[in-house]
Amino acid sequence: MRTNEKYDYGRLFRRLWRYYKPYKWILFTDLFAVVAGAAFGLAVPYLLKILVDRAVPSRDAGALLAVAATVAVLALARYAANYYSLYMGHALAARMERDMRRDLFRKIEGMSFSFFDERKTGELMSRMINDVGKVSDAVNHAPEDLLLAAFTIAGSYAVLFSLHPPLALVSLVPLPLMVLYSGLLGGRILKGFERANDAVAEVNAKVENIVAGIRVVQSFAREEEEERRFASLNEENYRAWNSVLRTLGWYFGGVDLMRDLSRLLIVAAGGWFAIQGSLSLGAFVAFVSYVGIYLEPIERLTRTVESIQRMAAGLKSFFAIMDEESAVRDAPGARELPPAVLGGICFEGVTFSYGGDRHVFRELDLGIAPGAKVALVGPSGAGKTTFCNLIPRFYEPQSGRVLLDGVDVREYRLKELRRAVGIVQQDVFLFAGTVFENIAYGKPGASREEVEHAARDANAAEFVEALPEGYDTEIGERGVKLSGGQKQRLAIARAFLKNPPVLVLDEATSSLDAKSERAVHEAIARLARGRTTLIIAHRLSTVREADEILVLTEEGLAQRGRHEDLVREAGPYAELYAAQGAGILRDEEGGDGEGEAEEEAEAAL
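Numbering (the numbering used here), first residue to last: 6 to 610.
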């Protein structure tokens, strides 16, 4: 996700105000404390002038004590103001960061599958953690530093011109040079941070990909090749940051040089005016002190330019995702799902593609009766999984309608529609956590009894109770501590708890040993009872008892009917059945030969 295209930065920061707005009173009181602290600091050099010009020459101990006491009071007041601004400023930044991450997470969570087809997980994580964090670093410091610099410089020069106008004019000379220098390098810093952010996102994506697939990497002994690929991305990341750091070096070094030269200029000119007698010693001391006071916020301001550029780069990435159009969302006035969903499914003229000229479906028309058990067979890429994904609106068709109980699925509230469809996949995803938490995911707030009942229905209770801590056993990331059959049965238990009127079984029993497959088959038969069930499978032994079989090919719906009728017809299903026939017979006799014929069957279709 490259972010270095042109962008309206005025609009960028105006949009940021939406996150300031809920906390505007915190912001205003924080800025007031900043101004108050600066005002207290501005008073101290003038008190030094009084001390040097009046109290010391007159040896007035009372005046000396009065000045010292006033300075002490001002120091305490400034301490209180600085404490408040420091604490509340960071609290404001933390709240804004929390809100931005919440909105970004909500946005990502609501995107369609097509969004994730184009994005890397590590990249999205980098946008959420790193880029939003860079925004948080600047949201409190930038307004404080800008206001502090403006107030301190204005206040200092008001006093300086009252003390000695000619010297005050001399002290103005370095300011426009600093502003010009900052402006010349500011754009390069921003572009550098954008490139660096993209490089970090690529590194994060690679790390996430390797960690997720470490078993495959090690099983194929590809560690060295992956290390080379990572080294290339890591080097690109280093070069991006090295470039921006070199620019920052020029920037900060140049500003520091101009600051030191301006201090030298003012001290030399002030000394000259003091020697000439037009500037008192106390005024000269106060003048030098004020120069230090107004140069400090200027110095901070140069750092603020860097943080603002970091923030702009982070905001650009943040709003790039927030501005993504979600292909799937609730229609205006979306209706509630009826309490009793029958499960009738109808495709009317559905055309769908993942992009490009090749369509998965073109003008597809078919209907599935409520409560029917329907199998979808066909070669990989024919659209079996896509067919099922269009029902809960994981994708949207380019044209046509998908109906549930005679109503366009786009008219239903999205969350309610998806609660009506349960999916058990071949590649089961389990969350890091306990067995109980993973089963209960199917029904928020489920009781212990409900979870245990679902596990029994899914033929999972026996192995779960044999685990070290039963239902409270941690199963590791993606359920790595469980076998394939055990993970499948937990997924089925989760579906039992969800109790959906429409059930999708996507290759749910493939790649299992005979014992696990029998347990899963029994659980699935129990789960499918009384529901509209769509079974995606290559193995025909799993679909022969279906009420109807849909044969999908790259040309669309090629055949439909019961197993016995399709076998007698000349067509793709009969060819597939013939290719798998020997394996099916062995399967019926208790063998395991069907898998050997699958590649041949795939070619036949």
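Just so it is clear, CB atoms sit at the ideal spot from N, CA and C, and this is done for glycine as well.
(message) Rounded to the nearest angstrom, what separates T538 and K486 at their Cα positions?
(response) About 30 Å.
(message) Is the beta carbon of D462 closer than 8 Å to that of R406?
(response) Contact: no.
(request) Enumerate in chain order the residues of its own chain whose CB-to-CB distance from G388 is below 7 Å, with the five nearest sequence positions on each side excluded. (result) If we look at G388 and ignore the five residues flanking it on each side, its Cβ neighbours are V365, F366 and L557.
(request) Output the distance between the C-alpha atoms of I589 and R549, rounded to the nearest integer angstrom. (result) The predicted model places I589 with a pLDDT of 47, which falls under 50 and marks its position as unreliable, so this point remains unresolved.
(request) List the DSSP bridge partners of S404. (result) According to the DSSP secondary-structure assignment, S404 is paired through a beta bridge with T356.
(message) Quick test of your reading: V509 and G427, contact by CB under 8 Å. State the CB separation rounded to the nearest angstrom.
(response) The beta-carbon separation of V509 and G427, rounded to 7 Å, stays under the 8 Å limit for a contact.
(request) Using 10 angstroms around the beta-carbon of R315, count the other beta-carbons present and answer buried if the total reaches 16, otherwise exposed. (result) Per the 10 Å Cβ criterion, buried.
(request) Check A524 in the structure and name its three-state DSSP category. (result) Of the three classes helix, strand and coil, the one that applies to A524 here is helix, per DSSP.
(request) For I589, name the three-state secondary structure that DSSP assigns. (result) Caution applies to I589, whose pLDDT of 47 falls short of 50 and renders its modelled position unreliable; the model cannot decide the point.
(request) Going by CA-CA distance only, name the one from T439, I396, E457 and R494 that's closest to V507. (result) The option with the nearest alpha carbon to V507 is I396.
(message) Quick check: what's the CA-CA separation for Y446 versus M183?
(response) Cα-Cα distance, rounded: 59 Å.
(request) Go ahead and label S385 buried or exposed: buried means 16 or more other beta carbons lie within 10 angstroms of its beta carbon, across all protein chains shown. (result) The residue is exposed, with fewer than 16 neighbouring Cβ atoms inside 10 Å.
(message) Assuming the contact rule is C-beta atoms closer than 8 Å, E102 and S141 should be a hit. Round their C-beta distance to whole Å, please.
(response) About 4 Å separates the two Cβ atoms, so the contact holds.
(request) For F33, count neighbouring C-beta atoms within 10 Å of its own C-beta (all shown protein chains included) and say buried if the count is 16 or more, exposed if not. (result) Exposed: under 16 other Cβ atoms inside 10 Å.
(request) Report buried or exposed for R83, applying the criterion of at least 16 other Cβ atoms within 10 angstroms of its Cβ. (result) Sixteen is the threshold: when 16 or more other Cβ atoms of the shown chains lie within 10 Å of the Cβ of R83, as they do, the residue is buried.
(request) Would you identify the three-state DSSP class for A387, choosing helix, strand or coil? (result) Here A387 sits in coil by DSSP.
(message) Taking only three categories from DSSP, how would you classify A463?
(response) Annotated three-state conformation of A463 is coil, per DSSP.
(request) Rank G297, N209, R132 and L47 by C-alpha distance to the C-alpha of K112 and give the top, closest one. (result) Nearest of G297, N209, R132 and L47 to K112, Cα basis: R132.
(request) Tell me whether Y51 sits in a helix, a strand or coil according to DSSP, three-state version. (result) Looking at Y51 - three-state DSSP - the assignment turns out to be helix.
(request) May I ask you to list the residues that DSSP assigns as paired with D136? (result) Answer is none; D136 lacks a bridge partner.
(message) Taking CB distances under 8 Å as the criterion, tell me whether F121 reaches chain C.
(response) As a matter of chain content, chain C is missing from the structure shown, which is built from one protein chain.
(request) Would you kindly check if the distance between the Cβ of L371 and the Cβ of F399 is under 8 Å? (result) Judged by their CB atoms, F399 and L371 are not nearer to each other than the 8 Å cut-off.
(request) State buried or exposed for Y359, treating a residue as buried only when at least 16 other CB atoms are found within 10 Å of its CB. (result) Result: exposed.
(request) In angstroms with no decimal places, state the Cα-to-Cα distance between V144 and V310. (result) Distance between the alpha carbons of V144 and V310 is about 12 Å.
(request) Could you tell me the distance, in whole angstroms, from the CA atom of V76 to the CA atom of E128? (result) Rounded to the nearest angstrom, the two C-alpha atoms are 53 Å apart.
(request) Would you decide whether T252 is buried or exposed? Buried here means 16 or more other CB atoms lie within 10 Å of its CB. (result) When all chains shown are included, T252 counts as buried.
(message) For G276, tell me which candidate among L36, R415 and P171 has the shortest Cα-Cα distance.
(response) Of L36, R415 and P171, the residue nearest in Cα terms is P171.
(request) Work out the CA separation of G282 and K168 for me, nearest whole Å. (result) The question names Lys, but residue 168 in the sequence shown is Leu. In this structure, the CA atom of L168 is about 13 Å from the CA atom of G282.
(message) Just verifying my parser: in three-state terms, what is the DSSP assignment at V249?
(response) It is helical.
(message) Please report the distance separating the alpha-carbon of V440 from that of N464.
(response) If I take the Cα positions, the gap works out to 14 Å.
(message) Short of 7 Å in beta carbon distance, which residues of its chain neighbour V205, apart from the five on each side in sequence? Order them along the chain.
(response) The residues are S131, N135 and N242.
(message) By DSSP's criteria, Y162 is part of a beta bridge. Which residues make up the other side?
(response) Its beta-bridge partners do not exist; DSSP assigns none.
(message) Less than 8 Å between the C-beta atoms of L422 and V414, yes or no?
(response) Against a cut-off of 8 Å, the Cβ pair of V414 and L422 comes out as a contact.
(message) Taking a contact to mean a Cβ-Cβ separation below 8 Å, would you say F120 touches E329 in this structure?
(response) Closer than 8 Å, so yes.
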